[in-house]
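**Student:** Take this structure first; my questions come after.
Protein chains: 2
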Amino acid sequence: MAKDTKRVEQITDMDVDFAQWYTDVCRKAELIDYSGAKGLFVLRPYGYAIWEKMQGELDRRFKETGHVNVSMPMLIPESLLQKEKDHVEGFAPECAWVTYGGSEKLDERLCIRPTSETLFCDHWANIVHSWRDLPLLYNQWCSVLRWEKTTRPFLRHREFLWQEGHTLHATAEEAIAETEQQLEIYADVCENLLAMPVIRGRKTDKEKFAGAERTYTIECMMHDKKALQSGTSHYFGDGFARAFGISFADKDNTQRVPHETSWGLSTRTIGGLIMTHGDNNGLVLPPRVAPLQVVVLPIAQHKPGVTEKALELVERLKKAGLSVKADVSDNSPGWKFAEYEMKGVPLRIEIGPRDIESGCCVFARRDTGEKATIALDSLEACAIETLDAIHDNLFAKAKKHLEDNTFDAQTLDEAAQIINEKGGFVRTMWCGDLSCEEKFKEVAGVSSRCIPFKQEHLGDTCACCGKPADKMVVWGVAY
Amino acid sequence: MAKDTKRVEQITDMDVDFAQWYTDVCRKAELIDYSGAKGLFVLRPYGYAIWEKMQGELDRRFKETGHVNVSMPMLIPESLLQKEKDHVEGFAPECAWVTYGGSEKLDERLCIRPTSETLFCDHWANIVHSWRDLPLLYNQWCSVLRWEKTTRPFLRHREFLWQEGHTLHATAEEAIAETEQQLEIYADVCENLLAMPVIRGRKTDKEKFAGAERTYTIECMMHDKKALQSGTSHYFGDGFARAFGISFADKDNTQRVPHETSWGLSTRTIGGLIMTHGDNNGLVLPPRVAPLQVVVLPIAQHKPGVTEKALELVERLKKAGLSVKADVSDNSPGWKFAEYEMKGVPLRIEIGPRDIESGCCVFARRDTGEKATIALDSLEACAIETLDAIHDNLFAKAKKHLEDNTFDAQTLDEAAQIINEKGGFVRTMWCGDLSCEEKFKEVAGVSSRCIPFKQEHLGDTCACCGKPADKMVVWGVAY
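Heads up: the sequence lines are chains A and B, in that order. Counting from 1, position 276 in the first sequence corresponds to residue 276 in my numbering; the numbering is continuous, with no gaps. Quick note, my numbering runs 1000 ahead of the 1-based positions in the second sequence.
Right under this line is the structure:
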């Protein structure tokens, strides 16, 4: 009977071809499928369930900090997109354009939102009048579309799911504080939910968002030592508000222009999750974001009482608040082991006739492969403890990887040599000039990832031009 | 100070101009704003919060019945849309077409999904192989786009939010049972969350969904006695599966074609909610769907201890699981009363110095306007009881309205006279012929709303042609 079921096929070795390994995992773990339109992907139930977990955690934190959800239109009239100059320059080249409604050619073409700053501002111009209307702390869960040339599952979709927060404040100070607060929420979710250590910092002017005064970012290091920008927040000053004619009567009755922010985190971060923790057996999910935290597998399940016992363990663990199921299908234990390893389920519990007899079961950890015999009496406590230990181990491993592969350099040549020989991140001092930043790209093939909030004084001069420098920058090859 | 805040303006009398009353409520209760693209609306925080409540209740019920969420692309290649004939005929005239990606003209144009049957089938053709892969019980939360000519807030958007369930089954029986089960979930949510009584039934062939074999519907009666279709489920047979080449190896190893369903409920139902319960003071929200169930208003709040007491009540009610806030702004009590009436908050609690002295507060019900003095000792129990009573009253009132305005007729002429003089729904026997159905439209201006599951034998002959008839149909003017 088991023979006609799908097989768990081999995936490419991650150390042989990391890109192919990644694509294999996305498909074999049933996270994603390709669609008929290039660059648009199907998020399958297992992939979408990871996003739902992330949504739940982010949405809770957004609401706790006073934000409310809204829904803006998906289409932007071309004239509206053009109202803010830097913004339209950044996004127009990658817009998808609607030119026909039914059989009728439109007078003005509409783009599918690549991001929604223009829509929020257009709405706010209607509803903001007084200081009493501020701050506006809005968020929306939606998908946006950017006409990318090359696409990859999660990392670069033409359409991707995200949340985009947009807020409006009476003062610059308040808006900047919001921008920093939301970045910290992203960092918290990355580290404490996804077990991905982050570098918090500010983007250089070259790398900031189109139309922003400042962009903050969290940067993560993947298994192949490349960087993934995993969440950003932007302070816009009053540029957008002026362009859209938003103003308010302040307490002293003078008319003022408010300050704006936006911040976003997308399904791209799921790509980061895969590339941070995965291994040659497939996906490895940190327990707090795993749609299925525990799978219970009966061994010799045809023997009396085994299936019942497995289902009993499931009920006990459910009551303890865990996400758990038993697989009592007629597939072989070997097939099941491989299947749930591929899917990255953090904890596998095996229970057979002999275990039942001796009042225990076997815990097998996905992260380390370690097995332990556990007394059934302490099932719940041990499961919770093990899941926490798995999270901590995954985080510590990723943090060590980041630290072991981050190097300091005094000169551009030194930086280029490190990148060339070892890969990873390089930290140097930088004078702040665009020309030096461009030179890093040219010579070392790296872009500035960020100017970390936690600065260290590595020297007094720019690694590129030798002029005085007071900023430490992290450089790397980015996805 | 209070003078510079927005005022609660008058809304049109609902008995003078119901359509204008409706639009006024949508805007003044801050549910919606218009956008720069015709027919695309902004769902403001208060409007979106209603949708979030509905989402939560529906999503929970979907998951309890074994469904999982996914995310499909928003764009459909034209060739894919054309694979099922009836379906493309129904939807192509109202598709929005993307013809450019950036500055590049596309080889094949893409439509923004008007609904996603074609996308689900295209994906399923990739992943369905064996009977073990079935059933597939999928749902997605998203927006879809239909290029409507006339548009109205909630009732007819070019873009609207909805959920669309899509399922695939080994047998017709299973698929039909699913179609019925999901309709029952919609009916349950309408009645028990939204306090909207429904008529459950089956659509005639004329009114069914493009490509479906059967469409089931729940129909509600609005305050103006017109009908609103509030949720539908469709059984497709194996038509789509054949068109998309989906088949599976059954247990006996023969290759079979699976059966498909889909079902959807949209933000349109929020329009129904407004038109079912609203009154001349604005929105009236049933307590279980109200984003804010209770508002506490301090009276003479400058007096010592009043604000503190109001906040204390809020904390107590929060602990009891209610959604509640106090408005301690410097707006006048009169302004606040009008504001929360406009927003349809089910229960207003007033508390002033004299109430505090005598250990009580005042409950004011939004639905009836009744006031009652409540001992603070029994605050939580009374609040919960009152909210339940409000739900029951709103449901009973709407049910009476539906029953009082549903009439039986023996002939088409009689039906036309009733519709003309009284409005509402008319029930007649019907032979099943399309020509008779069209005649109802022509003569009485009504469409068939449904063939109710609960049939009554009103006679032996069709009200139109006089031929033998065994189906009772509900007719009405629909939104």
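Cβ atoms here follow ideal geometry from the backbone N, Cα and C, with glycine treated the same way. Since the model is a prediction, treat every value here as computed from it, not as a measurement.
Indicate the three-state DSSP secondary structure (helix, strand or coil) for A/P452 in the structure shown.
**Tutor:** Strand at A/P452.
**Student:** Am I right that B/C1360 and B/I1374 are in contact with their C-beta atoms under 8 Å? What's the rounded C-beta distance?
**Tutor:** The Cβ separation is near 6 Å, so the contact holds.
**Student:** If you measure beta-carbon to beta-carbon, which residues of the region 56-79 of chain A are closer than 9 Å to chain B?
**Tutor:** Within the region 56-79 of chain A, the qualifying residues are V68, N69, V70, S71, M72, P73, M74, L75, I76, P77 and S79.
**Student:** Using the C-alpha atoms, what's the distance from A/F248 back to B/D1004?
**Tutor:** Its pLDDT being 39, under 50, B/D1004 is placed unreliably by the model, and the measurement read from it follows with that caveat. Approximately 11 Å between the Cα atoms of the pair.
**Student:** By a C-beta neighbour count over all protein chains shown, 10 Å radius and 16 as the cutoff for buried, is B/D1483 buried or exposed?
**Tutor:** Absent from the structure is residue 1483 of chain B, since the part of chain B shown begins at 1001 and ends at 1479.
**Student:** Based on Cα-Cα distance, which residue from B/G1165, B/A1463, B/G1344 and B/E1089 lies nearest to B/F1120?
**Tutor:** Checked all of B/G1165, B/A1463, B/G1344 and B/E1089; the closest Cα to B/F1120 is B/G1165.
**Student:** Listed in chain order, which residues of the region 147-160 of chain A have Cβ atoms closer than 7 Å to some Cβ of chain B?
**Tutor:** Residues passing the 7 Å Cβ filter: W147 and E159.
**Student:** How many angstroms separate the CA atom of B/A1310 from the CA atom of B/A1338?
**Tutor:** Answer to the nearest angstrom: the Cα atoms are 19 Å apart.
**Student:** Who are the neighbours of A/N126 on chain B, taking C-beta pairs under 7 Å?
**Tutor:** Under the 7 Å cutoff, chain B gives D1033.
**Student:** Starting from B/W1335, trace the alpha helix (DSSP H) in both directions and tell me its first and last residue.
**Tutor:** Segment P1333 to M1342, the alpha helix (DSSP H) holding B/W1335.
**Student:** Return no unless some Cβ of chain D is closer than 8 Å to the Cβ of A/E94.
**Tutor:** In the structure shown, chain D does not exist; the protein chains are A and B.
**Student:** Which of the three DSSP states is assigned to B/R1109 in this structure?
**Tutor:** If DSSP states are grouped into helix, strand and coil, B/R1109 belongs with the strands.
**Student:** Give a yes or no on whether 8 Å exceeds the smallest Cβ distance from A/P45 to chain B.
**Tutor:** So, interface residue.
**Student:** Using 8 Å for Cβ pairs, my map puts B/V1295 next to B/V1362. What's the rounded Cβ distance?
**Tutor:** Actually they do not touch by this definition, with Cβ atoms about 12 Å apart.
**Student:** Near A/D327, which residues of its chain fall below 7 Å by C-beta distance, leaving aside the five closest residues on each side in sequence?
**Tutor:** Cβ neighbours of A/D327 beyond the five flanking positions: V295, L297 and K336.
**Student:** Could you tell me the distance, in whole angstroms, from the CA atom of B/M1001 to the CA atom of A/R214?
**Tutor:** Residue confidence for B/M1001 is low, a pLDDT of 35 falling below 50, so the modelled location carries little weight; the figure read from the coordinates is stated next. Roughly 36 Å separates the two Cα atoms.
**Student:** Going along the chain, which unbroken runs of the beta strand (DSSP E) with 3 or more residues stay wholly within the region 353-408 of chain A?
**Tutor:** With a minimum length of 3 residues, the continuous beta strand (DSSP E) runs that stay inside the region 353-408 of chain A are 360-365, 371-375 and 406-408.
**Student:** Name the chain A residues whose beta carbon is nearer than 8 Å to that of B/Y1048?
**Tutor:** Ordered by position in chain A, the residues that pass the 8 Å Cβ test against B/Y1048 are V68, N69, V70 and S71.
**Student:** Hey, how far is the Cα of B/A1415 from the Cα of A/P45?
**Tutor:** So the two alpha carbons sit approximately 49 Å from each other.
**Student:** Kindly indicate which residue of A/L43, A/P286, A/D238 and A/W475 has the alpha-carbon position closest to the one of A/T386.
**Tutor:** Out of A/L43, A/P286, A/D238 and A/W475, A/P286 has the C-alpha closest to the C-alpha of A/T386.
**Student:** Assuming B/V1314 contacts B/K1325 (C-beta within less than 8 Å), just tell me the rounded distance between them.
**Tutor:** Indeed they touch by this definition, with Cβ atoms about 6 Å apart.
**Student:** How would you list, in chain order, the residues of chain A whose beta-carbon sits under 8 Å from the beta-carbon of B/W1335?
**Tutor:** Residues of chain A passing the Cβ test: none, with the nearest at roughly 12 Å.
**Student:** Indicate whether at least one CB of chain B lies closer than 8 Å to the CB of A/I299.
**Tutor:** So no, A/I299 is outside the interface.
**Student:** From the beta carbon of A/A2, is the nearest beta carbon of chain B less than 8 Å away?
**Tutor:** Low per-residue confidence applies at A/A2: pLDDT is 40, beneath 50, and the placement is therefore not dependable enough to give any value.
**Student:** Considering only C-alpha positions, which residue in the set B/F1453, B/K1454, B/E1437 and B/P1452 is nearest to B/V1446?
**Tutor:** The candidate whose alpha carbon is nearest that of B/V1446 is B/E1437.
**Student:** As an exercise, report each continuous alpha helix (DSSP H) stretch of at least 4 residues that is fully enclosed by the region 149-223 of chain A, in chain order.
**Tutor:** With a minimum length of 4 residues, the continuous alpha helix (DSSP H) runs that stay inside the region 149-223 of chain A are 172-192.
**Student:** Output the boundary residues of the beta strand (DSSP E) element that contains A/C142.
**Tutor:** Run containing A/C142: L136 to L145, per the beta strand (DSSP E) assignment.
**Student:** Give me the Cα-Cα distance between B/L1458 and B/G1466, rounded to the nearest whole angstrom.
**Tutor:** About 13 Å.
**Student:** On the three-state DSSP scale, how would you describe B/M1429?
**Tutor:** B/M1429 falls in the strand class under three-state DSSP.
**Student:** With a 10 Å radius around its C-beta and 16 neighbouring C-beta atoms as the bar for buried, classify B/G1305 as buried or exposed.
**Tutor:** Answer is exposed; the Cβ neighbour count stays below 16.
**Student:** Using the Cβ count rule (16 or more neighbours within 10 Å means buried), how would you classify B/T1254?
**Tutor:** When all chains shown are included, B/T1254 counts as exposed.
**Student:** Determine whether the beta carbon atoms of B/V1025 and B/S1035 lie at a separation below 8 Å.
**Tutor:** Not in contact: B/V1025 and B/S1035 (Cβ atoms no closer than 8 Å).
**Student:** What are the start and end residues of the beta strand (DSSP E) that includes A/T261?
**Tutor:** Element bounds for A/T261: H259 to S266.
**Student:** Taking 8 Å as the threshold (C-beta atoms), are B/R1449 and B/E1260 in contact?
**Tutor:** In this structure, B/R1449 does not lie closer than 8 Å to B/E1260 by Cβ.
**Student:** Rounded to whole angstroms, what is the Cα-Cα separation between A/A175 and A/I50?
**Tutor:** Whole-angstrom Cα-Cα distance: 31 Å.
**Student:** Which residue marks the beginning of the alpha helix (DSSP H) containing B/A1241, and which one marks its end?
**Tutor:** Where B/A1241 is concerned, the enclosing alpha helix (DSSP H) stretches over G1239 to A1243.
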